[in-house]
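**Student:**
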Amino acid sequence: MEEYEKATTVMCTVIGMDYANNLSYRACSLCERTLPDTLNDTLCKFCHNNAASSSKRLFRILVSIATDTKVLNVMCFDRAARVLFGCSADDFFHFSKLHPFAASNAAKILEGEMFRMTLSRPKNGNAQHLRAVSIVPLRSGFKPAIESLKEFYGVKPATS
Ligand SMILES: [Zn+2]
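Written as structure tokens, this is what we have:
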């Protein structure tokens, strides 16, 4: 995939999402490094921040996309994934606790949506997937997954 050595922008359709794994991971709120998913460790071992009281979740989602020529798996980290979900990873995590099928339903909702994605090959040599560094919806009526999910589950917006 040498053609993606530099950032490349593609028009694509979402064809799937790896929702069986967690869509997000727990990170230290100070240094943003990955923390264990359990709250047993009270200190971040990198910056010694008290992780039990100040951690947050960040999205990390493997998304399958189809361009006009190929099918690709791309990794969407927090900033890109927020465009798809329309909320923070913490908000989605709590929503999923109340609605256990929220992740698989979000995947179904986003399937078939068209986006302009900027893809780049991570500089970290261990990373196996292309990364979506920016995502822009192409359909004018696009709604982020959380909005459709709230309608689906009958959750009223706080403002109404
Ligand atoms: Zn830290």
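For the numbering used here, add 1312 to where a residue sits in the sequence shown, where the first one is 1.
We treat Cβ as the ideally placed atom computed from N, Cα and C, and that holds for glycine.
Please read these numbers as outputs of a predicted model, since none were measured by experiment.
#1: To the nearest angstrom, report how far apart ALA1393 and PHE1405 are at their CA atoms.
#2: Taking only the alpha-carbon atoms, compute the straight-line gap between LEU1431 and HIS1411 and give it to the nearest angstrom.
#3: Got a sec, what are the start and stop residues for the alpha helix (DSSP H) THR1395 sits in?
#4: In angstroms, rounded to a whole number, what distance separates the CA positions of THR1325 and ILE1377?
#5: On the DSSP letters alone, give me the boundaries of the alpha helix (DSSP H) that PHE1405 sits inside.
#6: Output the distance between the C-alpha atoms of SER1416 and MET1329, rounded to the nearest integer angstrom.
#7: Use the C-beta contact count for GLY1398: other C-beta atoms within 10 angstroms, 16 or more gives buried, fewer gives exposed.
#8: Could you say which of ALA1332, ARG1451, VAL1467 lies nearest to VAL1395 if we only look at CA atoms?
#9: Mapping DSSP to helix, strand and coil, what is ASP1380?
#10: Apply the 10 Å Cβ neighbour rule to ALA1319 and answer buried if 16 or more other Cβ atoms are within range, or exposed otherwise.
#11: For ligand 1, is there any heavy atom lying closer than 8 Å to the beta carbon of GLY1361?
#12: What are the boundary residues of the alpha helix (DSSP H) that includes LEU1461?
#13: Return the CA-CA distance between ASN1362 and ILE1373, expressed in angstroms with no decimal places.
#14: If distances are taken between C-alpha atoms only, which option among ALA1457, VAL1448, VAL1445, PRO1434 comes closest to GLU1423?
**Tutor:** The answer reads as follows:
#1: Approximately 13 Å between the Cα atoms of the pair.
#2: Distance between LEU1431 and HIS1411, taken at the CA atoms: about 32 Å.
#3: Checking the sequence, you will find Val at residue 1395 rather than Thr. Unbroken alpha helix (DSSP H) run through VAL1395: 1390 to 1397.
#4: 5 Å
#5: Taken as a continuous stretch (DSSP letters only), the alpha helix (DSSP H) holding PHE1405 covers 1401 to 1410.
#6: 8 Å
#7: buried
#8: Selected option, being the one with the closest Cα: ARG1451.
#9: In this structure, ASP1380 counts as coil in the three-state DSSP scheme.
#10: exposed
#11: The sequence shown places Asn at residue 1361, rather than the Gly named in the question. Yes, the beta carbon of ASN1361 sits closer than 8 Å to at least one heavy atom of ligand 1.
#12: 1457 to 1464
#13: So the two alpha carbons sit approximately 26 Å from each other.
#14: ALA1457
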